[in-house]
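2 protein chains.
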Amino acid sequence: MTATGAEPRQEGSLLLDDQLCFALYAASRAVTARYRPLLDELGLTYPQYLVMLVLWERDAGYAVSVRDLGTALQLESSTLSPLLKRLEAHDLIRRERRPEDERSVAIRLTETGVRLRERAHAVPVAIGDAMGLTREQDAMAKQLLRLLTANVSED
Amino acid sequence: MTATGAEPRQEGSLLLDDQLCFALYAASRAVTARYRPLLDELGLTYPQYLVMLVLWERDAGYAVSVRDLGTALQLESSTLSPLLKRLEAHDLIRRERRPEDERSVAIRLTETGVRLRERAHAVPVAIGDAMGLTREQDAMAKQLLRLLTANVSED
DNA sequence: CGCTAATAAGTTGTGCACGACTAAATAGCG
DNA sequence: CGCTATTTAGTCGTGCACAACTTATTAGCG
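In structure tokens, the structure reads:
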């Protein structure tokens, strides 16, 4: 029994500090909080930043639909629709119904949206620095989180 | 170059799948989603469940203040105050000003709140099962997430 | 003791997140 | 071809999360 990070005494413990879920929830909010001042300078929230990452990556070839964004980020249209309206209000994207399928809405970066990418490069560098993990720890964390997400998303 | 979980090509990549932050964000929401049907049966949301964990753990000795909950869960009073009102409306807790310091509000479990603990024991068991991590992976994930949280919360 | 600093909880406004539902358009089967 | 089932976005309501601010109370210095 040490004072640091002991293991759960038993299966089904109800102690907060035994819960992986709480470590996950706390880490996620702490990381988002660390992003906030950096993203404020770009005029983005954290979920908006994630949407922009997808668009910067894929906008080149074919336009990205709301559905594509939802698949990439695992978000519902009820979350994305208002968020995309706010990005459009800030003149970072444009939304237009696809002529070939009027159900679908194509999201395209504006010139302002494309240019923002340059300023965004500083963000992952600063965050990577703040996270302070070794290359191996970073890789291990990503691997475990993806395994966890996959397991928990089954059925 | 394998197809599975490759490493970032460079520092400061803007590719979504290189971002640890996204793996974290996605995992946190996926885990919360997995909790939802289980917690629905208890009439709790996920943050409410976390508050109840703290109360079940500490209510025995001295009463827990809103501030104590905020410290334990890293949440602001502006998040906790309305949440605690909802728990009180469901008759799980009671809130009362402390006589010895009228600024502070003591949170106490009701009988209903105490009894709910019995039904809650099934939750971490089911979640642990769904997560499907080995004991070593679970411990490693918790350790990395705590390190990350500590690093990112500095200053 | 008096008065300013601080602390504790709460309110308000903005922006996610998601379930339940709706409207419009397309796919595809009989 | 016509009609039903599916697909795609979107709206609405509830509940976090957090910054900025307010109010009430206590601490502690001169």
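Protein chains in written order, with the UniProt record's numbering: chain A, 1 to 155; chain B, 1 to 155. We put the CB at the ideal spot given by N, CA and C, even for glycine.
Let me know the secondary structure DSSP gives residue i once reduced to three states.
i                     : result
residue 13 of chain A : coil
3 or more residues per run - each beta strand (DSSP E) lying fully within the UniProt domain "HTH marR-type" (17-150) of chain A: 93-97 and 105-109
Could you please tell me which residues of the region 78-94 of chain A, in chain order, have their CB closer than 7 Å to any CB of chain B? none
Pairing CB atoms from the region 26-42 of chain A with CB atoms from the region 139-154 of chain B, are three or more of them under 8 Å? Remark: three or more beta-carbon pairs, one from each stretch, lie closer than 8 Å, so the region 26-42 of chain A and the region 139-154 of chain B are flagged as touching.
Is the region 14-26 of chain B in contact with the region 43-61 of chain A, if contact means three or more CB pairs nearer than 8 Å? yes
On the three-pair Cβ rule with 8 Å, is the region 38-48 of chain A touching the region 119-133 of chain A? yes
Would you call the region 59-67 of chain B in contact with the region 95-115 of chain B, where contact means no fewer than 3 C-beta pairs closer than 8 Å? At 8 Å Cβ cutoff, the stretches touch.
Any residues in the region 119-137 of chain A with a beta carbon nearer than 7 Å to a beta carbon of chain B? Which ones, in chain order? Within the region 119-137 of chain A, the residues whose Cβ lies closer than 7 Å to some Cβ of chain B are 120, 121, 124, 125, 127, 128, 130, 131, 132, 133 and 137, listed in chain order.
To be precise: take each residue of the region 36-65 of chain B, compare its Cβ to all Cβ atoms of chain A, and keep it if any distance is under 7 Å. Which residues remain? 50, 53, 54, 56 and 57
If you measure beta-carbon to beta-carbon, which residues of the region 18-31 of chain A are closer than 9 Å to chain B? 18, 19, 20, 21, 22, 23, 24, 25, 26, 27, 28, 29, 30 and 31
Of the residues that make up the region 102-121 of chain B, which ones have a beta carbon closer than 9 Å to any beta carbon in chain A? 117, 120 and 121
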